[in-house]
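Undergrad: Each number in our numbering comes from the position in the sequence shown (counting from 1) with 46 added on.
Take a look at this one; I'll ask things after.
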Amino acid sequence: MRDFLNSESFTSVIKSELPFLEIKKSGNADSTISSMVNLREKITDLETKAERLEKKISGSRLDVRV
């Protein structure tokens, strides 16, 4: 497991984002890493969209003073 975590195929993104990850079958490591990278990209995309939506909402907000 330690060799796998230090291998080039295990990206620094995965290392930093999922330090608790344990892969049980090294035979599926490439497909697992690919799936995790794909999932990380989707999460990043959703975070970006959420930030844009948040900015849009706060820009539309009106302060009403009575």
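Using N, Cα and C, we set each Cβ at its ideal position, and we do this for glycine too.
As the structure is a prediction and not an experimental result, all values here were calculated from the model.
Note down, in chain order, each residue of its chain lying with its Cβ closer than 8 Å to the Cβ of S91, except the 5 sequence neighbours on either side.
TA: The sequence shown places Asp at residue 91, not Ser. Excluding residues within five positions, none has a Cβ falling inside 8 Å.
Undergrad: Just the C-alpha distance for E87 and R111, rounded to the nearest angstrom, thanks.
TA: 42 Å
Undergrad: R86 by DSSP, collapsed to three states: which one?
TA: helix
Undergrad: Taking only the alpha-carbon atoms, compute the straight-line gap between D76 and I89 and give it to the nearest angstrom.
TA: 20 Å
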